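See below for the structure under consideration.
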Amino acid sequence: MFALSFMRYAFWASTFIAVVAGAVGVFVVARNLSFLTHTLSEIGFAGAAFAVFMGWSALSGMLLFTMASSVMVGQMSTEESRREAVISATSALFIGLGILFLSLSSQTASSATSILFGSVVGISRGEVFQLGGLSCVVVAALGLLYRRLKFSSFDPVGARVNGVGERGVAVIFLLIVALSVSVAAQIVGSLLIFILLTLPAASAKAFTTGVAKMMGLAILFALAGAWTGLYLGYLTNWPVSFFIAVIEVAIYLTALAYHHSQVD
Amino acid sequence: MALAYGDHEIISDLSFELNRGDFLIVIGENGVGKTTLVRALFNQLKPRAGEITFAPGTRLGYVPQFRNLARDYPLSVRDFVALNLPLTLWPWPRRKERAAVDHILAETDLTRLADRPLGLASGGEKQRAYLAQALVVTPQLLVLDESTASLDNEVKYDLLDLVEKFRQAGVTVMFITHDWDLAQRYGTRYLHLTPGGYSTGPIADLPASPKGEE
Chain X
5 MFALSFMRYA FWASTFIAVV AGAVGVFVVA RNLSFLTHTL SEIGFAGAAF AVFMGWSALS
65 GMLLFTMASS VMVGQMSTEE SRREAVISAT SALFIGLGIL FLSLSSQTAS SATSILFGSV
125 VGISRGEVFQ LGGLSCVVVA ALGLLYRRLK FSSFDPVGAR VNGVGERGVA VIFLLIVALS
185 VSVAAQIVGS LLIFILLTLP AASAKAFTTG VAKMMGLAIL FALAGAWTGL YLGYLTNWPV
245 SFFIAVIEVA IYLTALAYHH SQVD
Chain D
104 MALAYGDHEI ISDLSFELNR GDFLIVIGEN GVGKTTLVRA LFNQLKPRAG EITFAPGTRL
164 GYVPQFRNLA RDYPLSVRDF VALNLPLTLW PWPRRKERAA VDHILAETDL TRLADRPLGL
224 ASGGEKQRAY LAQALVVTPQ LLVLDESTAS LDNEVKYDLL DLVEKFRQAG VTVMFITHDW
284 DLAQRYGTRY LHLTPGGYST GPIADLPASP KGEE
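First to last, the sequence lines map onto chains X and D.
When we follow the working numbering, the leftmost residue of the first sequence carries the number 5, and every step to the right adds one.
When we follow the working numbering, the leftmost residue of the second sequence carries the number 104, and every step to the right adds one.
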């Protein structure tokens, strides 16, 4: 299958995506932000639709919209009680905008499906390098912020009194999530981003203690899903996102069963 | 010093001193400003008037009453304690830092539990882990914020005996509580907050428990 250049590109792209999503996902799950990643992917959809409308690349539109909105959400969501309502309102607005931009641009149908559900065929060599670069940015940011992020994600009470600077950490982390969402959407599509961003991390939690180990395991689970998905997609011609979704859900169910067998 | 939220003054005109090796009991009913005082100590609330001064380089440790940890909380006791290591940009723990964590785990009798998930630990074990996390930075002042409130008597004594051991090694302790028995048993000095006032002095002068309070 690697004789085909687009499969090689898709393979590299999905590798970057799995690493980023697995690593970032551990903190997304710990901070209970799964719902927010869903919203960010809808915002990303609007951004990509806007980019199509403007004639830019989908990735740049996604980055623009998700980064801008994650800063806004970070400012608004400090009060936990209001967070869900704020997030729902934001979702509604951006899905609406996405639909509008798509209907205004001429090439509606095919670009809409590839934004929403992802596509492996469309990835070019240049885009692989873009994804690789963005992934390096995410990994470097995670590394530099690691101790603060770990403290405020896994012990907010302790982090607050020990001067972690939560507000700053929260905003930077949302920017990291925005970047990851935009990266991941290139393969699995904006509707299915949370498959890679939350399921591998949630599964990893059941098997190990320790943040670094969870990150490693989450990356492994994401890679397993992405690579196997690509291969099965190549064999069957069915959508890759479908296979990734099924594999990640299977891993998650296994993790749940394992966790119950350990606790009881 | 005076402490206030907006227009609502919680503590007006409070002044007290803490010296190395003190076991200061901060006692009083709910709503007299114990928590407010803690927030001011940890720089989360600016005094309206006056100031809090520490000897240069003083590090503070904080042990809360309780944390909201689910049973599937994933970190091990060791990793939880290590969260409070210095917040450097270098992600991996250095050898010295790992040794500090191991040392404090041994001191708090947690070595045996170090690799178990904290979510599965008992109430007393969790409090010991919170204590260890606060102590891993070798603070000069340890603040216990109602840290024994949800524990059985025997477990309370175990925890405070442990704290007393650290006090004798030179850590100053500030214990916020409304348990008069524990106050008499462990304190060396007291700060009694009352609505609109306070008193302070050596523990022998602490008034007996007022009626209606336990």
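We put the beta carbon where it would ideally sit given N, CA and C, even for glycine.
Being a predicted model, the structure only gives us computed values, none of them experimental.
| Query | Result |
| --- | --- |
| Can you tell me which of D:195, D:162, D:197, D:127 puts its alpha carbon nearest to the alpha carbon of residue 241 (chain D)? | D:162 |
| Along chain X, which residues have their Cβ under 8 Å away from the Cβ of residue 179 (chain D)? | 213, 214 |
| Tell me, please, which residues DSSP counts as bridged to residue 129 (chain D). | D:279, D:294 |
| What did DSSP end up calling residue 169 (chain X) once you bin it into helix, strand or coil? | coil |
| Assign residue 185 (chain X) to one of two classes, buried (16 or more other C-beta atoms within 10 Å of its C-beta) or exposed (fewer than that). | buried |
| Take every Cβ of the segment 62-74 of chain X, pair it with every Cβ of the segment 182-197 of chain X, and state whether three or more of those distances are shorter than 8 Å. | yes |
| Establish whether the CB of residue 191 (chain D) and some CB of chain X are separated by less than 8 Å. | yes |
| Just curious, the alpha helix (DSSP H) that residue 156 (chain X) is in, first and last residue? | 129-158 |
| Between the C-alpha atoms of residue 16 (chain X) and residue 196 (chain D), what's the straight-line distance to the nearest angstrom? | 31 Å |
| Against residue 150 (chain X), what residues of chain D qualify as contacts under a CB-to-CB distance less than 8 Å, listed in chain order? | 194 |
| Start and end of the beta strand (DSSP E) containing residue 166 (chain D)? | 163-166 |
| Got a sec: which bits of the segment 216-233 of chain X sit with their beta carbon under 7 Å from any beta carbon on chain D, in order along the chain? | 218 |
| For a contact defined as C-beta to C-beta under 9 Å, what are the partners of residue 170 (chain D) on chain A? | In the structure shown, chain A cannot be found, because the protein chains are X and D. |
| Please list, in chain order, the chain X residues whose beta carbon lies closer than 7 Å to that of residue 236 (chain D). | 162 |
| Give the straight-line distance between the Cα atoms of residue 117 (chain X) and residue 208 (chain X), rounded to the nearest whole angstrom. | 31 Å |
| Under 8 Å, Cβ to Cβ, is there at least one residue of chain D near residue 263 (chain X)? | yes |
| Would you verify that the beta carbon of residue 175 (chain D) is, or is not, closer than 8 Å to some beta carbon of chain X? | yes |
| State buried or exposed for residue 314 (chain D), treating a residue as buried only when at least 16 other CB atoms are found within 10 Å of its CB. | With a pLDDT of 49 at residue 314 (chain D), under the threshold of 50, the predicted position of this residue should be treated as unreliable, and no value is reported. |
| Below 7 Å on C-beta distance, what does residue 36 (chain X) contact in chain D? | Correct list: empty, because the minimum Cβ distance to chain D is about 11 Å. |
| Leaving out five residues before and five after residue 137 (chain D) in sequence, what residues of the same chain have Cβ atoms less than 7 Å from its Cβ? | 129, 131, 279, 296 |
| At a CB-CB cut-off below 8 Å, which residues of chain D make contact with residue 175 (chain X)? | In chain order: nothing, as chain D lies at least about 17 Å away. |
| Quick check on residue 6 (chain X): buried or exposed, where buried means 16 or more other Cβ atoms within 10 Å of its Cβ? | exposed |
| Please confirm if residue 220 (chain D) has its CB atom under 8 Å from at least one CB of chain X. | yes |
| Please report the straight-line C-alpha distance between residue 238 (chain D) and residue 188 (chain D), rounded to a whole angstrom. | 10 Å |
| Give a single yes or no on whether residue 251 (chain X) has its beta carbon closer than 7 Å to a heavy atom of the ligand ZN. | Among the ligands in the structure shown, none appear at all, so the ligand ZN cannot be discussed. |
| So, does the CB of residue 31 (chain X) fall closer than 8 Å to a CB anywhere in chain D? | no |
| Does residue 26 (chain X) get closer than 8 Å to chain D when you measure Cβ to Cβ? | no |
| State the CB to CB distance for the pair residue 21 (chain X) and residue 200 (chain X), rounded to an integer number of angstroms; the pair is presumed to be in contact (CB under 8 Å). | 7 Å |
| Return the bridge partner residues of residue 305 (chain D) from the DSSP annotation. | D:292 |
| Among residues of its own chain, excluding the 5 on either side of residue 205 (chain X), which ones have a beta-carbon nearer than 6 Å to its beta-carbon? | 29, 30, 33, 222 |
| Kindly list the residues whose CB is nearer than 7 Å to the CB of residue 322 (chain D), restricted to its own chain and excluding five residues on each side of it in sequence; keep chain order. | The structure shown does not extend to residue 322 (chain D), since chain D is modelled only from 104 to 317, so the question has no answer here. |
| Using a Cβ-Cβ cut-off of 8 Å, state whether residue 269 (chain D) counts as contacting chain X. | no |
| Name the residue from X:95, X:125, X:210, X:25 whose alpha carbon lies nearest to the alpha carbon of residue 257 (chain X). | X:210 |
| Can you check whether the C-beta of residue 155 (chain X) is within less than 8 Å of a C-beta belonging to chain D? | yes |
| Of all the CB atoms in chain X, is at least one closer than 8 Å to the CB of residue 159 (chain D)? | no |
| Please work out which residues of its chain come closer than 6 Å, Cβ to Cβ, to residue 172 (chain D), disregarding the five sequence neighbours upstream and downstream, and give them in chain order. | 222 |
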